[in-house]
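Enquirer: For my numbering, add 47 to where a residue sits in the sequence shown, where the first one is 1.
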Amino acid sequence: MTKRIAILGASGYTGAELVRLLATHPEFRIVALTGERKAGQPMASVFPFLRHLDLPDLCRIDEVDFASVDLAFCALPHATSQAVIKDLPRNLKIVDLSADFRLRDPAAYEKWYGQPHAAPDLQTEAVYGLTEFYRDDIRAARLVAGTGCNAATGQYILRPLIEAGCIDLDRIILDLKCGVSGAGRSLKENLLHAELSEGTQAYALGGTHRHLGEFDQEFSAIAGREVRIQFTPHLLPMNRGILASAWLDGDPQRIHAVLMDRYCAESFLHVLPFGTTPSTHDVRGSNFVHIGVVGDRIPGRALVVGVLDNLCKGSSGQAVQNANLMLGLPETTGLMGAPVFP
(Lines of atoms letter the chains of each structure in order from A; the text may use other names.)
(Lines give C-alpha, C1' and ligand atoms only; values in the text may rest on other atoms or scores of the structure.)
Protein backbone atom coordinates (compact mmCIF):
# COMPACT_ATOMS: atom_id res chain seq x y z
CA MET A 48 0.00 0.00 0.00
CA THR A 49 1.32 3.45 -0.95
CA LYS A 50 2.46 5.48 2.08
CA ARG A 51 1.14 9.03 2.39
CA ILE A 52 3.84 11.58 3.13
CA ALA A 53 3.85 15.17 4.39
CA ILE A 54 6.87 17.47 4.19
CA LEU A 55 6.85 20.29 6.73
CA GLY A 56 9.15 23.08 5.62
CA ALA A 57 9.16 22.16 1.94
CA SER A 58 10.33 25.61 0.79
CA GLY A 59 13.91 25.11 2.03
CA TYR A 60 16.78 23.22 0.43
CA THR A 61 16.27 20.00 2.39
CA GLY A 62 12.52 20.15 1.73
CA ALA A 63 13.12 20.49 -2.00
CA GLU A 64 15.63 17.63 -1.88
CA LEU A 65 13.01 15.46 -0.20
CA VAL A 66 10.56 16.23 -2.99
CA ARG A 67 13.21 15.39 -5.61
CA LEU A 68 13.89 12.01 -4.00
CA LEU A 69 10.27 11.13 -3.30
CA ALA A 70 9.17 12.01 -6.84
CA THR A 71 10.54 8.67 -8.04
CA HIS A 72 9.98 6.67 -4.84
CA PRO A 73 7.75 3.72 -5.77
CA GLU A 74 6.01 3.44 -2.38
CA PHE A 75 5.60 7.05 -1.21
CA ARG A 76 3.06 9.68 -2.30
CA ILE A 77 3.34 13.31 -1.21
CA VAL A 78 -0.03 14.48 0.12
CA ALA A 79 0.98 17.71 1.89
CA LEU A 80 3.72 20.34 1.56
CA THR A 81 4.00 23.20 4.03
CA GLY A 82 5.79 26.54 3.89
CA GLU A 83 4.46 29.15 6.28
CA ARG A 84 5.75 32.21 4.39
CA LYS A 85 4.92 30.77 0.98
CA ALA A 86 1.58 29.18 1.82
CA GLY A 87 -0.81 29.16 -1.14
CA GLN A 88 1.95 29.09 -3.73
CA PRO A 89 2.56 26.16 -6.06
CA MET A 90 5.83 24.35 -5.50
CA ALA A 91 6.77 25.14 -9.10
CA SER A 92 6.92 28.85 -8.33
CA VAL A 93 9.22 28.28 -5.35
CA PHE A 94 11.43 25.69 -7.06
CA PRO A 95 11.03 25.80 -10.86
CA PHE A 96 13.16 22.67 -11.25
CA LEU A 97 10.18 20.74 -9.79
CA ARG A 98 7.57 22.17 -12.18
CA HIS A 99 7.18 18.88 -14.06
CA LEU A 100 5.74 17.19 -10.96
CA ASP A 101 2.10 17.05 -9.90
CA LEU A 102 2.43 18.33 -6.34
CA PRO A 103 0.05 19.83 -3.79
CA ASP A 104 0.37 23.58 -3.25
CA LEU A 105 2.22 24.79 -0.20
CA CYS A 106 0.02 25.32 2.85
CA ARG A 107 0.31 26.16 6.52
CA ILE A 108 1.01 23.36 9.01
CA ASP A 109 -2.34 23.88 10.75
CA GLU A 110 -4.07 23.18 7.44
CA VAL A 111 -2.66 19.65 7.11
CA ASP A 112 -4.97 16.71 7.85
CA PHE A 113 -2.50 14.52 9.72
CA ALA A 114 -5.08 11.75 10.07
CA SER A 115 -4.44 11.04 6.39
CA VAL A 116 -0.62 11.05 6.74
CA ASP A 117 1.51 7.96 7.43
CA LEU A 118 4.78 9.80 8.00
CA ALA A 119 5.89 13.42 8.17
CA PHE A 120 9.32 14.76 7.34
CA CYS A 121 10.01 17.88 9.40
CA ALA A 122 12.48 20.10 7.54
CA LEU A 123 12.12 23.15 9.78
CA PRO A 124 14.79 25.20 11.58
CA HIS A 125 15.90 24.12 15.04
CA ALA A 126 13.72 25.49 17.87
CA THR A 127 10.83 25.81 15.40
CA SER A 128 10.88 22.05 14.86
CA GLN A 129 10.44 21.06 18.50
CA ALA A 130 7.60 23.52 18.95
CA VAL A 131 5.77 22.04 15.97
CA ILE A 132 6.46 18.37 16.66
CA LYS A 133 5.27 18.44 20.27
CA ASP A 134 1.79 19.40 19.03
CA LEU A 135 1.54 16.77 16.27
CA PRO A 136 -0.51 13.58 16.81
CA ARG A 137 1.34 11.15 19.06
CA ASN A 138 0.72 8.24 16.68
CA LEU A 139 2.28 10.02 13.69
CA LYS A 140 5.68 8.75 12.53
CA ILE A 141 8.14 11.62 12.14
CA VAL A 142 11.62 12.05 10.73
CA ASP A 143 13.04 15.36 11.92
CA LEU A 144 15.83 16.94 9.89
CA SER A 145 16.59 19.73 12.38
CA ALA A 146 18.99 19.65 15.32
CA ASP A 147 16.24 19.57 17.93
CA PHE A 148 16.27 15.88 18.87
CA ARG A 149 19.84 14.81 18.10
CA LEU A 150 21.21 15.36 21.60
CA ARG A 151 19.82 13.09 24.31
CA ASP A 152 20.83 15.29 27.26
CA PRO A 153 18.68 18.45 27.67
CA ALA A 154 21.64 20.21 29.27
CA ALA A 155 23.78 19.44 26.22
CA TYR A 156 21.08 20.86 23.95
CA GLU A 157 20.94 24.07 25.98
CA LYS A 158 24.75 24.32 25.93
CA TRP A 159 25.07 24.01 22.14
CA TYR A 160 21.86 25.76 21.04
CA GLY A 161 21.57 28.46 23.68
CA GLN A 162 18.07 27.78 25.01
CA PRO A 163 16.18 25.15 27.01
CA HIS A 164 14.53 22.35 25.08
CA ALA A 165 10.76 22.82 24.75
CA ALA A 166 9.91 19.10 24.46
CA PRO A 167 12.30 17.14 26.71
CA ASP A 168 9.96 14.12 26.84
CA LEU A 169 10.24 13.78 23.07
CA GLN A 170 13.98 14.38 23.26
CA THR A 171 14.36 11.15 25.25
CA GLU A 172 12.04 9.27 22.87
CA ALA A 173 13.86 10.21 19.67
CA VAL A 174 16.24 7.75 18.02
CA TYR A 175 19.46 9.11 16.53
CA GLY A 176 19.21 8.80 12.76
CA LEU A 177 22.67 7.58 11.69
CA THR A 178 21.08 4.69 9.84
CA GLU A 179 23.95 2.22 9.52
CA PHE A 180 24.55 2.26 13.28
CA TYR A 181 20.99 2.57 14.64
CA ARG A 182 18.85 0.75 12.07
CA ASP A 183 17.22 -1.69 14.52
CA ASP A 184 16.15 1.17 16.81
CA ILE A 185 15.00 3.19 13.79
CA ARG A 186 12.73 0.37 12.57
CA ALA A 187 10.82 0.50 15.86
CA ALA A 188 10.87 4.28 16.30
CA ARG A 189 8.06 6.82 16.07
CA LEU A 190 10.42 9.83 16.06
CA VAL A 191 13.84 9.78 14.39
CA ALA A 192 16.31 12.66 14.68
CA GLY A 193 18.36 13.14 11.53
CA THR A 194 22.04 13.81 12.13
CA GLY A 195 23.92 16.94 11.26
CA CYS A 196 25.52 16.64 7.81
CA ASN A 197 28.99 17.44 9.17
CA ALA A 198 28.43 15.08 12.08
CA ALA A 199 27.40 12.27 9.75
CA THR A 200 30.50 12.65 7.59
CA GLY A 201 32.85 12.63 10.56
CA GLN A 202 31.13 9.67 12.17
CA TYR A 203 31.24 7.52 9.07
CA ILE A 204 35.02 7.77 8.94
CA LEU A 205 35.68 7.64 12.71
CA ARG A 206 33.07 5.45 14.45
CA PRO A 207 34.42 2.06 13.32
CA LEU A 208 37.95 3.10 14.28
CA ILE A 209 36.90 4.16 17.77
CA GLU A 210 34.93 0.93 18.17
CA ALA A 211 37.96 -1.13 17.11
CA GLY A 212 40.36 0.78 19.37
CA CYS A 213 42.88 1.16 16.55
CA ILE A 214 43.54 4.92 16.84
CA ASP A 215 44.71 7.27 19.58
CA LEU A 216 41.48 8.80 20.92
CA ASP A 217 43.29 11.86 22.27
CA ARG A 218 44.83 12.82 18.91
CA ILE A 219 41.94 13.04 16.44
CA ILE A 220 42.00 16.07 14.13
CA LEU A 221 39.03 16.47 11.78
CA ASP A 222 39.21 19.08 9.01
CA LEU A 223 36.02 19.50 7.00
CA LYS A 224 35.12 21.37 3.79
CA CYS A 225 31.44 21.95 3.08
CA GLY A 226 29.27 23.45 0.37
CA VAL A 227 27.21 26.56 0.88
CA SER A 228 23.80 24.84 0.80
CA GLY A 229 24.60 23.49 4.26
CA ALA A 230 23.90 26.98 5.61
CA GLY A 231 20.28 26.87 4.43
CA ARG A 232 18.27 29.06 2.05
CA SER A 233 17.86 32.18 4.20
CA LEU A 234 19.57 35.32 2.94
CA LYS A 235 22.93 35.87 4.64
CA GLU A 236 25.46 38.53 3.66
CA ASN A 237 28.48 36.22 3.87
CA LEU A 238 26.79 33.81 1.44
CA LEU A 239 26.24 36.34 -1.33
CA HIS A 240 28.05 35.41 -4.54
CA ALA A 241 30.44 38.39 -4.34
CA GLU A 242 31.26 37.57 -0.71
CA LEU A 243 31.81 33.82 -1.14
CA SER A 244 32.95 33.22 -4.70
CA GLU A 245 36.67 32.70 -5.42
CA GLY A 246 37.56 32.24 -1.77
CA THR A 247 37.22 29.98 1.23
CA GLN A 248 37.20 30.44 4.97
CA ALA A 249 37.26 28.55 8.23
CA TYR A 250 34.39 29.15 10.63
CA ALA A 251 33.08 28.12 14.07
CA LEU A 252 36.67 28.12 15.33
CA GLY A 253 37.94 27.03 18.72
CA GLY A 254 35.46 24.22 19.26
CA THR A 255 32.25 26.23 18.88
CA HIS A 256 30.55 24.33 16.05
CA ARG A 257 27.24 22.86 17.22
CA HIS A 258 27.87 19.48 15.61
CA LEU A 259 30.59 18.95 18.21
CA GLY A 260 27.73 18.11 20.56
CA GLU A 261 26.95 15.08 18.40
CA PHE A 262 30.60 14.06 18.16
CA ASP A 263 30.99 14.32 21.95
CA GLN A 264 27.80 12.33 22.57
CA GLU A 265 28.42 9.53 20.09
CA PHE A 266 32.18 9.06 20.34
CA SER A 267 32.20 9.13 24.14
CA ALA A 268 29.41 6.53 24.27
CA ILE A 269 31.36 4.23 21.95
CA ALA A 270 34.64 4.58 23.84
CA GLY A 271 33.15 4.41 27.33
CA ARG A 272 35.05 7.55 28.25
CA GLU A 273 35.18 11.18 27.19
CA VAL A 274 36.40 11.69 23.64
CA ARG A 275 36.88 15.27 22.43
CA ILE A 276 38.13 15.74 18.90
CA GLN A 277 39.62 18.82 17.26
CA PHE A 278 37.22 19.91 14.53
CA THR A 279 37.45 22.81 12.07
CA PRO A 280 34.93 23.31 9.24
CA HIS A 281 35.62 25.40 6.13
CA LEU A 282 33.07 26.95 3.78
CA LEU A 283 33.79 26.39 0.08
CA PRO A 284 32.15 28.15 -2.91
CA MET A 285 30.37 25.01 -4.14
CA ASN A 286 26.68 24.25 -3.90
CA ARG A 287 26.77 20.71 -2.56
CA GLY A 288 29.15 18.36 -0.87
CA ILE A 289 31.29 17.69 2.18
CA LEU A 290 34.86 16.44 2.26
CA ALA A 291 36.19 15.46 5.68
CA SER A 292 39.86 14.72 6.35
CA ALA A 293 40.83 13.02 9.61
CA TRP A 294 44.46 12.95 10.74
CA LEU A 295 44.94 9.98 13.04
CA ASP A 296 47.61 8.15 15.02
CA GLY A 297 47.32 4.48 14.08
CA ASP A 298 48.50 1.91 11.56
CA PRO A 299 47.14 2.95 8.13
CA GLN A 300 46.70 -0.60 6.84
CA ARG A 301 44.86 -1.61 10.01
CA ILE A 302 42.62 1.47 9.77
CA HIS A 303 41.79 0.60 6.16
CA ALA A 304 41.04 -3.02 7.08
CA VAL A 305 38.69 -1.98 9.91
CA LEU A 306 36.71 0.34 7.63
CA MET A 307 36.55 -2.29 4.86
CA ASP A 308 35.27 -4.91 7.27
CA ARG A 309 32.64 -2.63 8.83
CA TYR A 310 31.20 -1.33 5.56
CA CYS A 311 31.60 -4.27 3.16
CA ALA A 312 27.91 -5.20 3.44
CA GLU A 313 26.54 -1.64 3.37
CA SER A 314 24.71 -0.45 0.25
CA PHE A 315 25.63 3.22 0.51
CA LEU A 316 29.10 3.19 2.07
CA HIS A 317 32.09 2.34 -0.10
CA VAL A 318 35.70 2.11 1.08
CA LEU A 319 38.18 2.67 -1.75
CA PRO A 320 41.36 0.68 -2.35
CA PHE A 321 44.18 1.65 0.01
CA GLY A 322 45.96 4.78 -1.16
CA THR A 323 42.95 6.13 -3.08
CA THR A 324 40.91 9.12 -1.89
CA PRO A 325 37.53 10.40 -3.12
CA SER A 326 36.19 13.71 -4.47
CA THR A 327 32.87 15.34 -3.69
CA HIS A 328 32.13 14.93 -7.42
CA ASP A 329 32.01 11.17 -6.87
CA VAL A 330 28.84 11.33 -4.75
CA ARG A 331 27.10 14.53 -5.86
CA GLY A 332 23.30 14.25 -5.79
CA SER A 333 23.41 10.71 -4.36
CA ASN A 334 22.98 8.82 -1.10
CA PHE A 335 26.47 7.32 -1.27
CA VAL A 336 29.51 7.85 0.96
CA HIS A 337 33.04 7.21 -0.32
CA ILE A 338 35.97 6.76 2.08
CA GLY A 339 39.69 6.55 1.37
CA VAL A 340 42.75 5.85 3.53
CA VAL A 341 46.39 6.80 2.89
CA GLY A 342 49.51 6.47 4.98
CA ASP A 343 51.60 9.41 6.10
CA ARG A 344 55.36 9.80 5.58
CA ILE A 345 55.64 9.59 9.37
CA PRO A 346 55.16 5.97 10.45
CA GLY A 347 52.08 5.25 12.56
CA ARG A 348 50.01 8.10 11.13
CA ALA A 349 47.16 7.98 8.64
CA LEU A 350 44.81 10.25 6.74
CA VAL A 351 41.19 9.15 6.25
CA VAL A 352 39.08 11.10 3.76
CA GLY A 353 35.30 10.80 3.46
CA VAL A 354 32.82 12.52 1.13
CA LEU A 355 29.05 12.76 0.96
CA ASP A 356 26.38 15.06 -0.45
CA ASN A 357 25.22 17.23 2.44
CA LEU A 358 21.67 17.64 1.11
CA CYS A 359 21.21 13.96 0.25
CA LYS A 360 23.08 11.42 2.41
CA GLY A 361 23.82 14.16 4.93
CA SER A 362 20.16 15.12 5.35
CA SER A 363 17.21 14.32 3.05
CA GLY A 364 18.53 11.05 1.64
CA GLN A 365 19.33 9.85 5.13
CA ALA A 366 15.79 10.87 6.14
CA VAL A 367 14.24 8.79 3.34
CA GLN A 368 16.49 5.86 4.25
CA ASN A 369 15.19 6.05 7.82
CA ALA A 370 11.58 6.47 6.70
CA ASN A 371 11.88 3.31 4.61
CA LEU A 372 12.88 1.38 7.73
CA MET A 373 10.14 2.96 9.86
CA LEU A 374 7.48 1.99 7.31
CA GLY A 375 8.69 -1.56 6.77
CA LEU A 376 10.25 -1.05 3.33
CA PRO A 377 13.65 -2.09 2.02
CA GLU A 378 16.15 0.49 3.22
CA THR A 379 17.44 1.36 -0.26
CA THR A 380 14.02 1.99 -1.85
CA GLY A 381 14.10 5.11 -4.01
CA LEU A 382 17.72 5.88 -3.15
CA MET A 383 19.91 3.94 -5.56
CA GLY A 384 20.19 6.68 -8.18
CA ALA A 385 23.70 7.25 -9.49
CA PRO A 386 25.61 10.42 -8.59
CA VAL A 387 25.43 13.40 -10.96
CA PHE A 388 28.64 14.07 -12.90
CA PRO A 389 30.07 16.44 -13.99
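Backbone N, C-alpha and C define an ideal beta-carbon position, used for all residues, glycine too.
#1: Excluding the five sequence neighbours on either side, which residues of its own chain have a C-beta within less than 7 Å of the C-beta of D343, listed in chain order?
#2: Taking Cβ to Cβ, would you say E210 is nearer than 7 Å to I269?
#3: Looking at L150 and E172, is the spacing between their C-beta atoms short of 7 Å?
#4: Let me check one thing: in DSSP terms, what residues is Q277 bridge-paired to?
#5: Cutting at 6 Å between CB atoms, please list the residues of its own chain near I220, excluding the five before and the five after it.
#6: In whole angstroms, give me the CA-to-CA distance for E157 and R272.
#7: May I ask you to report which of helix, strand or coil DSSP gives V131?
#8: Entirely within the segment 52-104 and at least 3 residues each: give me those beta strand (DSSP E) ranges in chain order.
#9: For E245, collect the residues of the same chain with a Cβ closer than 8 Å to its Cβ; drop the 5 residues on either side in sequence, then sort them by chain order.
#10: How many Å lie between L208 and A119 at the Cα?
#11: Specify the secondary structure class of S403 as computed by DSSP and reduced to three states.
#12: The beta strand (DSSP E) spanning D296 covers which residue range?
#13: So what does DSSP say about Q368, is it helix, strand or coil?
#14: With DSSP as the reference, identify every bridge partner of L316, one or two as the case may be.
#15: Does DSSP classify V351 as helix, strand or coil?
#16: With respect to the beta strand (DSSP E) encompassing C121, which residues constitute its N-terminal and C-terminal limits?
#17: Where does Y181 sit, in a helix, a strand or coil, going by DSSP?
#18: If you compare alpha carbons, which of G195, S333, I289, I54 is closest to A146?
#19: Report the residue from H72, P124, L68, G56 whose alpha carbon sits nearest the alpha carbon of D104.
#20: Could you pull out every unbroken alpha helix (DSSP H) segment of at least 4 residues lying fully inside the segment 138-209, listed in chain order?
#21: Of all the options S228, T279, S292, which has the alpha carbon lying nearest to the alpha carbon of Y203?
#22: Please list, in chain order, all residues of the same chain as G384 whose beta carbon is under 7 Å from its beta carbon, the five residues on each side excluded.
#23: Could you pull out every residue in the same chain whose Cβ sits closer than 6 Å to the Cβ of Q88, ignoring the five residues on either side in sequence?
#24: Grab me the residues of L177's own chain with a C-beta within less than 7 Å of its C-beta, minus the 5 sequence neighbours each way, in chain order.
Expert: With the structure as the only source:
#1: On the sequence shown, residue 343 is found 296 positions in, with the first residue counted as 1. Cβ neighbours of D343 beyond the five flanking positions: A349, L350.
#2: Along the sequence shown, one-based indexing puts residue 210 at 163. Along the sequence shown, one-based indexing puts residue 269 at 222. In this structure, I269 lies closer than 7 Å to E210 by Cβ.
#3: Counting from one through the sequence shown, the residue named residue 172 turns up at place 125. Counting from one through the sequence shown, the residue named residue 150 turns up at place 103. No. Outside cutoff.
#4: Residue 277 sits at position 230 when you count from the first residue of the sequence shown. DSSP output for Q277 lists I220 as bridge partner(s).
#5: Here residue 220 refers to the residue found at position 173 of the sequence shown. Contacts found: Q277, W294.
#6: Within the sequence shown, the letter at position 110 stands for residue 157. Within the sequence shown, the letter at position 225 stands for residue 272. Distance between the alpha carbons of E157 and R272: 22 Å.
#7: One-based indexing of the sequence shown puts residue 131 at position 84. Three-state result, V131: helix.
#8: 75-81
#9: For the purposes of this step, residue 245 is taken as the residue at position 198 of the sequence shown. Here the set comprises P284.
#10: As a working mapping, residue 208 is identified with position 161 in the sequence shown. As a working mapping, residue 119 is identified with position 72 in the sequence shown. When the Cα atoms are used, L208 and A119 turn out to be separated by approximately 34 Å.
#11: Within the shown structure, residues of the chain are numbered from 48 to 389, placing residue 403 beyond reach of any answer.
#12: One-based indexing of the sequence shown puts residue 296 at position 249. Residues 289-296.
#13: As a working mapping, residue 368 is identified with position 321 in the sequence shown. Three-state result, Q368: helix.
#14: Taking the first residue of the sequence shown as position 1, residue 316 is located at position 269. L316 is bridged by DSSP to V336.
#15: Looking up residue 351 in the sequence shown gives position 304. In this structure, V351 counts as strand in the three-state DSSP scheme.
#16: Along the sequence shown, one-based indexing puts residue 121 at 74. C121 -> beta strand (DSSP E) spans 118-121.
#17: Start at 1 with the first residue of the sequence shown, and residue 181 comes out as number 134. If DSSP states are grouped into helix, strand and coil, Y181 belongs with the helices.
#18: One-based indexing of the sequence shown puts residue 146 at position 99. Selected option, being the one with the closest Cα: G195.
#19: Your numbering for residue 104 matches position 57 in the sequence shown. For the residues H72, P124, L68, G56, the minimum Cα distance to D104 belongs to G56.
#20: Look at the segment 138-209 and you find these whole runs of alpha helix (DSSP H), each 4 residues long or longer: 153-160, 167-172, 178-186.
#21: Along the sequence shown, one-based indexing puts residue 203 at 156. Answer by Cα proximity: S292.
#22: Within the sequence shown, residue 384 is the residue found at index 337, counting from 1. S333.
#23: Indexing the sequence shown from 1 puts residue 88 at position 41. Result list for Q88: L105, in chain order.
#24: In the sequence shown, counting from the first residue as 1, residue 177 sits at position 130. Correct list, in chain order: T194, A199, Q202.
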